[in-house]
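Have a look at the structure below before the remarks.
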Amino acid sequence: MFEPALSRFGLVKAQGQTGVSFCKYKWTGSRTVGEREQEENPIMRATEVRQLLKIGRNTLYEWCEQGIIPHKRIGRVILFSRKRIQEWLENNENERREN
């Protein structure tokens, strides 16, 4: 019943298992479900951007306040466009190479 949905996430029904099994499915994909969702979602939250840039929370928020990094603030939530962050990273890398 759920097999098509589970196969979308890299899970297939395990064949020929012996003994007691709590899970009838095994992992076949190369990426985790979270990684797949991150790649498909065009919007990033602050925690994802911090992990990508390997920076601290305060640094990221300071960069947002100073307008260093592209972002949108909706109330108290800060959101980032995955595409704009990738472009920003490429531009900053090019500037570093020129200097």
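So for the sequence shown, my numbering puts the first residue at 75; every next one is plus one.
Note that CB positions come from ideal geometry on N, CA and C, so glycine has one too.
Here the structure is a predicted model, which is why all the values come from computation and not from measurement.
{"Item": "Which two residues bound the contiguous beta strand (DSSP E) that contains S119?", "Value": "Per the sequence shown, the amino acid found at residue 119 is Arg instead of Ser. Here the beta strand (DSSP E) through R119 covers I117 to R119."}
{"Item": "Look at the Cβ atom of W162, then the Cβ atom of I143, and state whether they are nearer than 8 Å.", "Value": "yes"}
{"Item": "For A120, which residues from the same chain have a beta carbon less than 8 Å from its beta carbon, with the 5 sequence-adjacent residues on both sides left out?", "Value": "R131, L134, Y135, I152 and F154"}
{"Item": "With DSSP run on the structure shown, which of helix, strand or coil describes R147?", "Value": "strand"}
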